[in-house]
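Oh and the sequence shown: position 340 is 340 in full-length UniProt numbering, straight run, nothing missing.
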Amino acid sequence: MTDLHETLGALRIALGDDAVLTGDTINPRHHSDWTYHQPACPAALLLPRDTAGVAAALRICNERGQSVVPQGGMTGLAGGSTPRATDIALSLQRLTGIEDIDPAAMTLTVRAGTTLENIQLAAADAGLLFPLDLGARGSCQIGGNIATNAGGNAVIRYGMTRDLVLGLEVVLADGRVLNLLNKMQKNNTGYDLKQCFIGSEGTLGVITRAVLKLVPPPGPVATMLCALPDYASAVALLRRIQRELGTPQAYEVMWQDFYRTGVSWLEKPIAPLDDSHPLFVLCDLDAPAQALEAVMEQAFEAGEALDAVQASSHAQARALWKIREATGEFPTRLKPLNFDVSVPIADIGTCVERCRARIDARWPGNRSVYFGHIGDSNLHLSVDLNSVPDADPHEIEETVFAVVGELSGSVSAEHGIGVLKKPYLHHSVTADALDAMAALKAAFDPKGILNPGKVLG
Ligand SMILES: Cc1cc2nc3c(=O)[nH]c(=O)nc-3n(C[C@H](O)[C@H](O)[C@H](O)COP(=O)(O)OP(=O)(O)OC[C@H]3O[C@@H](n4cnc5c(N)ncnc54)[C@H](O)[C@@H]3O)c2cc1C
């Protein structure tokens, strides 16, 4: 049983008074991630300045069996960084800064609390690209991106966060610091331990530093919005573009309901393409505009595309992306029940049809929007609970996850499990695999102090 008063005293001696906050001095942003699901003021908020501070904090908490919730930018969409009132929150917000850019190795070494946007800017200043990109770039931290194995818009071309991390520094639950700060592409020395921490959502260790892979920046990027007759055409068009011009930087599909919503929230709600089409694709591609036009001619002839517009300036490209980035306004404009599932790419159309049919039959009048990074097999679906105030969200979740299970998909493609998806993990992970995960957790965190109740348990 932990004596909180005594624990806080030890933490104040180790970290300093200004690094241990309690009660009203804790900014409410530390009460919940972006889900606002069961927010709570933690028993304390720790603000260590460096790896040694994180290590000291965890050693003290582990000795006393005190639970700790690692917190990054609090933009997570699974409840992973939301504390309970009995937890101590440990924020990485003071561990900021880029330590090294190595142009020869094309790597960037960074402290975990640095925002994704600052990393992107630093890479660009060095004439390189850090290709991870998502709507929360200005607030999310690289430690949080790694802990959630974030995806985003460019996965189709560059992979998930997991593919962009070469090395890590991680503090284990008992305060030991694992130096896994590797800069090499190749390193076959036993188990690749860093992969255990990527996507572990703060349950196995606290990430304090990372070595990231940079890539050469693409040439000028053409942005195109295209209307399609059906889902099969979205896959056919993607494969045509890949065959003829290479893999796009982004290939985002919006079903009509999402497109109409995104357009209606624009400052000037004028649709760049007629909104009666069933499906829309937003594509970024580093190919000459004429080459893209030629491929689109073929697509029109094949009946894969019905209409298209190409941005002729950066401002126009940003305006097209504004439609897709309507998701940033979901929490203020809707009461969204968000899904982030994946199913094999050929089955995404079926997944949408089945989900829509079952949701519409059970909850007539619901407002739902479908969209996704389909090149990565990732479908997003948001049901506005304001449109069906009497609906039980768990029943909607069971409905969607049953379809995902039927199609051998995953209940989380990129946002992670946190608390929100935990009851549904069994739809995607076998009992034996869950046992193996629990064994890993027990090995790294035998007292179970790190983010208890998240992912497992
Ligand atoms: C507008 C918007 C758009 C988004 N778009 C995408 C998208 O396209 N793709 C996508 O994948 N996600 C997306 N997200 C979700 C979110 O931005 C990502 O999950 C992001 O990686 C979370 O980073 P964070 O720093 O905010 O982490 P937090 O929310 O603070 O934490 C997330 C999890 O990581 C753990 N954690 C945080 N930092 C550390 C650390 N240093 N060490 C160990 N554990 C840690 C926490 O305990 C928690 O479990 C979006 C969110 C918003 C609000």
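All C-beta atoms in this analysis are idealised placements derived from N, C-alpha and C, irrespective of residue type, glycine included.
Check: Cys355: first and last residue of the uninterrupted alpha helix (DSSP H) it sits in; Outcome: Ile348 to Arg362
Check: Residue burial classification, Met1 (beta-carbon count within 10 angstroms, cutoff 16); Outcome: In this prediction, Met1 has a pLDDT of 47, which is less than 50 and means its spatial position is unreliable; what the coordinates show is noted afterwards. Result: exposed.
Check: Opening and closing residue of the beta strand (DSSP E) in which Gln71 lies; Outcome: Val68 to Gln71
Check: Counterpart residues of Asp284 in DSSP-defined beta bridges; Outcome: Thr223 and Ala250
Check: Asp435 versus Val343 - alpha carbon distance; Outcome: 24 Å
Check: Beta-carbon proximity list for Val411, same chain, < 7 Å, skipping 5 on both sides; Outcome: Val341, Phe401, Val404, Lys421, Tyr424, Leu425, His427 and Ser428
Check: Any non-hydrogen atom of ligand 1 closer than 8 Å to Gly159 Cβ; Outcome: no
Check: Val155 (DSSP reduced to helix, strand or coil); Outcome: helix
Check: Selected residue, minimal CA-CA separation from Ala317, among Ala222, Leu266, Arg362 and Gln290; Outcome: Ala222
Check: Beta carbon of Leu381 nearer than 9 Å to that of Asn451; Outcome: no
Check: Status (buried if at least 16 other CB within 10 Å, exposed otherwise) for residue 458; Outcome: The structure shown does not extend to residue 458, since the chain is modelled only from 1 to 457, so the question has no answer here.
Check: Cβ-heavy atom distance, Gly372 to ligand 1, below 8 Å; Outcome: no
Check: Residue(s) in a DSSP beta bridge with Val403; Outcome: Answer is none; Val403 lacks a bridge partner.
Check: Sequence-distant residues of its chain with Cβ nearer than 6 Å to Gly219 (five each side left out); Outcome: Asp286
Check: CA nearest to the CA of Tyr158, picked from Met74, Asp133 and Arg324; Outcome: Asp133
Check: Simplified DSSP assignment, three categories, for Phe258; Outcome: helix
Check: Contact test: Asn145 Cβ vs ligand 1 heavy atom, cutoff 8 Å; Outcome: yes
Check: Rounded C-alpha distance that separates Asp392 from Leu11; Outcome: 42 Å
Check: Sub-9 Å separation of Gly72 and Asn149 beta-carbons; Outcome: no
Check: Separation of Leu279 from Asp230, as counted between CA atoms; Outcome: 6 Å
Check: N-terminal and C-terminal residue of the alpha helix (DSSP H) that His380 is part of; Outcome: Where His380 is concerned, there is no enclosing alpha helix (DSSP H), although the beta strand (DSSP E) it sits in stretches over Asn378 to Asp384.
Check: Length of the line joining the Cα atoms of Arg111 and Trp34; Outcome: 23 Å
Check: Sub-9 Å separation of Leu90 and Pro48 beta-carbons; Outcome: yes
Check: Classification of Asn188 by the beta-carbon crowding that lies within 10 angstroms, buried from 16 upward; Outcome: exposed
Check: Where Pro39 falls: helix, strand or coil (DSSP); Outcome: coil
Check: Contact test: Gln201 Cβ vs ligand 1 heavy atom, cutoff 8 Å; Outcome: It is worth fixing the name first, because residue 201 is Glu in this sequence and not Gln. The answer is yes for Glu201.
Check: Status (buried if at least 16 other CB within 10 Å, exposed otherwise) for Asn153; Outcome: buried
Check: CB of Val263 within 9 Å of CB of Ile323, strictly; Outcome: yes
Check: Ile26, DSSP secondary structure in three states; Outcome: coil
Check: Other residues of its chain near Leu45: CB distance less than 7 Å, five sequence neighbours each side excluded; Outcome: Leu21, Ile26, His30, Ala89 and Ser91
Check: Residues of its chain near His37, where Cβ-Cβ distance is below 8 Å and the 5 sequence neighbours each way are ignored; Outcome: Gly79, Thr82, Val419 and Leu420
Check: Strand pairing of Gly372, partner residues [DSSP]; Outcome: Val253 and Leu379
Check: Nearest-angstrom Cα separation, counted from Asp445 out to Glu325; Outcome: 38 Å
Check: DSSP bridge partner residues for Asn179 (one or two, in chain order); Outcome: Glu169
Check: Counterpart residues of Pro83 in DSSP-defined beta bridges; Outcome: BP columns for Pro83 are empty, so no partner.
Check: Collapsed DSSP secondary structure at Glu414 in the structure displayed; Outcome: coil
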